[in-house]
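The structure appears right after this line, and notes come after that.
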Amino acid sequence: MTSSEQNFEEFTEQCLEYFMPLQDEFIKLYDINSYENWFYDHGIGAFHFKSDNGRNLYFKYVDVGSFSTKTDTWKWSWDNKTTPKHVCRGLEKVKAFGQTNDFEELTKGLLDGDEYTGWALTAVSAKLLNAIGAYRIPQDHLFIYFIFTNELTQEEYDALKDKYISCDSHVSGRIAFICQHLNKDTHAGFHEAFDPDTITDDDDGYEAWCDECEKVRLKEDGWNDVAVAFANIRLVCDQCYFEIKERNQKDN
Ligand SMILES: [Zn+2]
Ligand SMILES: [Zn+2]
Numbered sequence: 003m004t005s006s007e008q009n010f011e012e013f014t015e016q017c018l019e020y021f022m023p024l025q026d027e028f029i030k031l032y033d034i035n036s037y038e039n040w041f042y043d044h045g046i047g048a049f050h051f052k053s054d055n056g057r058n059l060y061f062k063y064v065d066v067g068s069f070s071t072k073t074d075t076w077k078w079s080w081d082n083k084t085t086p087k088h089v090c091r092g093l094e095k096v097k098a099f100g101q102t103n104d105f106e107e108l109t110k111g112l113l114d115g116d117e118y119t120g121w122a123l124t125a126v127s128a129k130l131l132n133a134i135g136a137y138r139i140p141q142d143h144l145f146i147y148f149i150f151t152n153e154l155t156q157e158e159y160d161a162l163k164d165k166y167i168s169c170d171s172h173v174s175g176r177i178a179f180i181c182q183h184l185n186k187d188t189h190a191g192f193h194e195a196f197d198p199d200t201i202t203d204d205d206d207g208y209e210a211w212c213d214e215c216e217k218v219r220l221k222e223d224g225w226n227d228v229a230v231a232f233a234n235i236r237l238v239c240d241q242c243y244f245e246i247k248e249r250n251q252k253d254n
């Protein structure tokens, strides 16, 4: 039987068989239940377990999605406008797998479900993304599901925190960089250092400059002192960055 002939139920079953022992092992290995508190931080994509006696445990996560007990529906995080792109990016692989195999449960943003749906789709995601464990948290009438891709040391967590900025307009966000000429009222062109769809945590973050800066940069043959002084880069949060991008890019 080829994988395309396999039905989704069978596939989910296999994923759960793979995931359940992995999850038991994860809970045991990290003694997850000994931590009284947890936090997640969409700004940096880090999940933090904290015990009352001061122990900390950090994981890099992918936000898988949420199950609503009010409407009995599952919503993939990539279909949720309030979830930042960078905490659901890994799910592109899950969605692509769904497209290849004709599993609409993996490609439709919103699905009907029951109390098992959340763990089933979390198991599927954990298997396809090679996760080390998962966690579910209650929030109002929702259960939100996370998978953990790797553990972060205190140093790695602190370094991520440094890339984080508080913003007057938004709750919080990753640091992004823009030239002094760009703001939410200008229409000055928008040149980016990285493609936002492929940027990783190891990159310095989003960075953009205007048409005038681009002219200077080309004339100076790159970011020399003159070009850097002209741009006079400032920090904004990544949500502001995308609002400014929307306003300033000229190809739409
Ligand atoms: Zn500029
Ligand atoms: Zn902002």
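Residue numbering for the sequence shown follows the working numbering, beginning at 3 and increasing consecutively.
Heads up, the beta-carbon is just placed ideally off N, CA and C, and yes, glycines get one too.
**Report entry** One or two residues paired with K52 in a DSSP bridge
**Finding:** N39, N58
Requested in this report: Report yes if the C-beta of W225 is less than 7 Å from at least one heavy atom of ligand 1; otherwise report no.
Outcome: Because no heavy atom of ligand 1 lies under 7 Å away, the Cβ of W225 does not count as near it: no.
Query raised in the report: Per DSSP, which one or two residues make a beta bridge with L154?
Result: Y60
Report task. For the region 246-253 and the region 176-187, state whether three or more C-beta atom pairs, one from each stretch, are separated by less than 8 Å. Result -> yes
Query raised in the report: Shortest alpha-carbon distance to L237 belongs to which of P198, G175, P23?
Result: G175
Query raised in the report: What number of angstroms, rounded off, separates the C-alpha of T119 from the C-alpha of F69?
Result: Rounded to whole angstroms, T119 to F69 spans 8 Å at the Cα level.
Query raised in the report: Going by the C-beta, is L2 closer than 7 Å to any heavy atom of ligand 1?
Result: Outside the displayed range of the chain (3 to 254) lies residue 2, so it cannot be described from this structure.
Query raised in the report: Could you check where the alpha helix (DSSP H) with P23 kicks off and where it finishes?
Result: 10-31 is the extent of the alpha helix (DSSP H) around P23.
Requested in this report: Give every residue of the same chain whose Cβ lies closer than 6 Å to the Cβ of V89, excluding the five residues on either side of it in the sequence, and list them in chain order.
Outcome: H44, G47, D65
Report task. Please write down, chain order preserved, every residue whose beta carbon lies under 5 Å from a heavy atom of ligand 2. Result -> C169, S171, H172, C239, Q241, C242
Query raised in the report: Which residue comes first and which comes last in the beta strand (DSSP E) that contains I139?
Result: I139 -> beta strand (DSSP E) spans 135-141.
**Report entry** Neighbour-count burial assignment, Q101, 16 or more Cβ in a 10 Å radius
**Finding:** exposed
Query raised in the report: How close, in whole Å, do the beta carbons of Y63 and F49 come, if the pair is a contact with beta carbons under 8 Å?
Result: 5 Å
Query raised in the report: Heavy atom of ligand 1 less than 7 Å from the Cβ of E214, yes or no?
Result: At least one heavy atom of ligand 1 is nearer than 7 Å to the Cβ of E214, so yes.
Query - Sequence-distant residues of the same chain with beta carbon closer than 7 Å to K165, five excluded per side - result: I46, R176, I177, G207
**Report entry** For T109 and N97, the rounded distance between their alpha carbons
**Finding:** Residue identity differs from the one stated: residue 97 is Lys in this sequence, not Asn. Taking the straight line joining both Cα atoms gives about 5 Å.
Report task. Could you check which residue in E194, T200, D199 has the C-alpha nearest to that of C215? Result -> E194
Query raised in the report: Taking C-alpha atoms, which residue in M22, S79, I139 lies nearest to F41?
Result: I139
Query raised in the report: Going straight from the alpha carbon of K72 to that of H143, what length do you get?
Result: 6 Å
**Report entry** Collapsed DSSP secondary structure at D187 in the structure displayed
**Finding:** coil
Query - Coarse secondary structure for S70, derived from DSSP in three states - result: strand
Report task. Identify every residue that forms a DSSP beta bridge with I180. Result -> A210, R236
Requested in this report: Could you say which of Q156, N103, W121, V126 lies nearest to F145 if we only look at CA atoms?
Outcome: W121
Query raised in the report: Taking all protein chains shown into account, do 16 or more other C-beta atoms lie within 10 angstroms of the C-beta of S127, making it buried, or fewer, making it exposed?
Result: buried
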